[in-house]
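The structure appears right after this line, and notes come after that.
In full-length UniProt numbering, the protein residues as written are 1 to 159.
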């Protein structure tokens, strides 16, 4: 029985270590534009039946339920939380925010072809030299809205 208890405790430590890793990742990305936090989900491991329901114990009393010992816990997966983030006012004209449900559609290069589509909640956009609205990160993925901003444009309004 002591070995089972140690295995159960070790599985809990491993699961909590994963939860700590997920929390650390959330904290490390707290200022990343469009980042969505994750959480670790857990599930029970199997149970060992030590006594069946209805069996009499040493005092002659009948157990209404059986006696089960759990073998621990494991991480069943991580889940991204898609709740709305807090609005942040910037002085950049192409920074956008989706209020409610939805994603920005951006073009990416992938194995499926040069104009594959990806989705993001990050709204930190800028204008490239071709007048295209692109993500303001090192990848510069183009916003897929079917147009460009002319060089002569004084201001841009997005509805």
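Don't be surprised by glycine CBs; every beta carbon is placed ideally from N, CA and C.
Please read these numbers as outputs of a predicted model, since none were measured by experiment.
- By the C-beta density criterion, residue 32 is exposed, having fewer than 16 other C-beta atoms within 10 angstroms.
- Restricting attention to beta strand (DSSP E) runs no shorter than 3 residues, the UniProt domain "Flagellar hook protein FlgE/F/G-like D1" (97-159) encloses them at 104-110, 113-120, 125-127, 133-135, ordered along the chain.
- Taking the Cβ atoms as the reference, residue 49 lies roughly 6 Å from residue 68, within the contact range of under 8 Å.
- Under the DSSP assignment, residue 6 falls in the alpha helix (DSSP H) whose first and last residues are 2-28.
- Taken through DSSP and simplified to helix, strand or coil, residue 59 comes out as coil.
- Taking one beta carbon from each stretch, the region 73-82 and the region 28-46 have 3 or more pairs nearer than 8 Å; the two touch.
- The C-beta distance from residue 45 to residue 85 rounds to 35 Å, too long to fall under 8 Å, and the pair is not in contact.
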